[in-house]
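Here is the structure we will look at.
Laid out in structure tokens, this is it:
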């Protein structure tokens, strides 16, 4: 008995030291990432719920402590698969400047280390807690923005429908609700996304503890999405009704914050009622919990057959080398960006071919949101009086938190509805091999129609989607030490009795005239005629 106790103490001591060494290396690798996560992302009102997620994870693992103690730790080389995948994503995120990639990297590295040291059986016991850890990480900005815009539009539509049910005339322009005496803007905080993500997380927790058939638990989880959208639409509608019939100040302040808390608690109550109803439908015997293997019989205690916690175990040495090499490379290799010298965009020419322009300015709130390095907004007109709105947003660095915002996320929020959106090829004699591919969108709003062309200009490349943008940002950071880039957007209205083809011809002629000036002001690889 004494020898067994000594062996267990030795194994426990070795395991703790291994965990501590690995933990310190992981902390060193992801220190800046974790600092950003806690002090920046979690500080945003949309993500304050993230502070309780680590406590939930700790509780879910602690709840399984007896089952974990009964299972032997069987180190596995297969754990290196998620570990290496996570370290690969670390470099993709570190050089590409995308925090979400770094978050997923940290998650995979954590799973890889647990799998490597503890074995697959223990991973399965902790699977739900490890899955829930994903809710700590905010979505990437471009994806979060797209979802937020769509939810704002849906919530606005539901809110207007509810207001009209009460006999109050209401008009919707994008995400702005016009009640005549007051206008309500459905901003990002009212999109419902602030409640959707924690509500989905709550749905998973309820399904985890709800012992019944899988289809019932899946229904609980899937119902959280329409529930959050509908309840948020009701909240917006009630706000509009109260503002119109009682006090316009209810749209902000205490009532605004209280109503957000109230709809979340209301959603929780509806989910509990849903579970009650489901429990009455063909009740089934108690089932195993999500992601969890059958438990070991209470009287059957398992013991390790060998000392898997040896300090010189090859698997431990390999994982330590991988982590150590990543830490040394990330701290020791000079990945300092080469910020190119540029001309101020405020000096962008006002005369381009036959086009004459007038510079415009953006308000400070928009500039704070976009976090760009420089920009130019110019309204050009030709001798026939036809107008083209020209916009460049330039970023000298797209590292970690600062990245280009796609027009797909902002134009719908301003009330523009897309009739069609597709890439088109524009002839550019003498530049970029004679042609470029850009995104083209035909939109309408309040009877007006316009055509928008836009593309991402990344160090001499013309790109049309955000995913390729991220991949090239990573590659150029690695090979060129550069992440600078720009968004170029051009818009022209469809005039009365004008066909879309006429507007397209005007846009393409303008692009041919403006490209030489863009090449002078936006750094890139050398472009020769």
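Residue numbers (this note's numbering): 1063 to 1591. Quick reminder that beta carbons are idealized off the backbone N, C-alpha and C, glycines included.
Give the range of the beta strand (DSSP E) segment to which residue i is assigned.
i            : result
residue 1503 : 1496-1507
residue 1511 : 1510-1520
residue 1524 : 1523-1525
Since residue i sits in a beta bridge, which residues does DSSP pair it with?
i            : result
residue 1195 : Note: residue 1195 sits in no beta bridge, so no partner.
residue 1289 : Paired residue(s): none; residue 1289 is not in a bridge.
residue 1468 : Note: residue 1468 sits in no beta bridge, so no partner.
residue 1483 : 1503
For residue i, which three-state DSSP category applies?
i            : result
residue 1230 : coil
residue 1066 : Unreliable positioning characterises residue 1066 in this predicted model, as indicated by a pLDDT of 48, which lies under 50. The coordinate reading is nonetheless provided below. If DSSP states are grouped into helix, strand and coil, residue 1066 belongs with the helices.
residue 1272 : coil
residue 1418 : strand
residue 1080 : helix
residue 1335 : helix
residue 1393 : helix
residue 1219 : helix
residue 1239 : strand
residue 1413 : strand
residue 1010 : The displayed coordinates of the chain run from 1063 to 1591. Any statement about residue 1010 would go beyond what the structure contains.
residue 1088 : helix
residue 1488 : strand
residue 1308 : coil
residue 1208 : helix
residue 1110 : helix
residue 1104 : coil
residue 1328 : helix
residue 1200 : coil
residue 1401 : coil
residue 1593 : Here the chain comprises residues numbered 1063 to 1591, so residue 1593 is not present and cannot be evaluated.
residue 1214 : helix
residue 1179 : helix
residue 1267 : helix
residue 1138 : coil
residue 1024 : Absent from the model: residue 1024. The displayed extent of the chain is 1063 to 1591, so no value can be given.
residue 1385 : helix
residue 1170 : helix
Please list the terminal residues of the continuous alpha helix (DSSP H) segment that includes residue i.
i            : result
residue 1155 : 1142-1158
residue 1427 : 1426-1432
residue 1440 : Per DSSP, residue 1440 belongs to no alpha helix (DSSP H); it is in the beta strand (DSSP E), 1436-1443.
residue 1454 : Segment 1449-1457 is the beta strand (DSSP E) holding residue 1454; no alpha helix (DSSP H) there.
residue 1183 : 1182-1187
residue 1423 : Element bounds for residue 1423: n/a, residue is neither H nor E.
residue 1094 : 1093-1098
residue 1120 : 1115-1125
Identify, in the order they occur along the chain, each residue of the same chain with its Cβ nearer than 6 Å to the Cβ of residue i, setting aside the five sequence neighbours on each side.
i            : result
residue 1451 : 1441 and 1553
residue 1421 : 1440
residue 1278 : 1340
residue 1265 : 1282, 1283 and 1286
residue 1112 : 1104 and 1198
residue 1525 : 1518 and 1531
residue 1256 : 1108
residue 1071 : Note that residue 1071 scores a pLDDT of 43, beneath 50, so its modelled location is shaky and nothing firm can be said.
residue 1101 : none
residue 1057 : Look at the range of the chain in this structure, 1063 to 1591, and you will see that residue 1057 is not part of it.
residue 1565 : 1513, 1554 and 1556
Skipping 5 residues on each side, what residues in its chain have a beta carbon closer than 7 Å to that of residue i?
i            : result
residue 1126 : 1187 and 1188
residue 1455 : 1432, 1434, 1437, 1466, 1548 and 1549
residue 1151 : 1163, 1166, 1167 and 1170
residue 1234 : 1218, 1219 and 1222
residue 1138 : 1177, 1178, 1181 and 1182
residue 1592 : Residue 1592 is absent from the structure shown; the chain starts at 1063 and stops at 1591.
residue 1293 : 1325, 1328 and 1329
residue 1497 : 1487, 1488, 1489 and 1490
Within the same chain, show all residues whose beta-carbon is closer than 8 Å to that of residue i, passing over the 5 residues directly before and after it, in chain order.
i            : result
residue 1194 : 1115, 1118, 1119, 1122, 1263, 1266 and 1267
residue 1458 : 1401, 1402, 1404, 1435, 1436 and 1546
residue 1393 : 1090
Is residue i close to chain D, meaning its C-beta is less than 8 Å from at least one C-beta of that chain?
i            : result
residue 1558 : Protein chain content of the structure displayed is limited to a single chain, and chain D is not contained in it.
Requested in this report: Please go through the region 1533-1591 and give each complete alpha helix (DSSP H) segment of 4 or more residues, from N-terminal end onward.
Outcome: Entirely contained in the region 1533-1591, the alpha helix (DSSP H) runs reaching 4 residues are, in chain order, 1562-1583.
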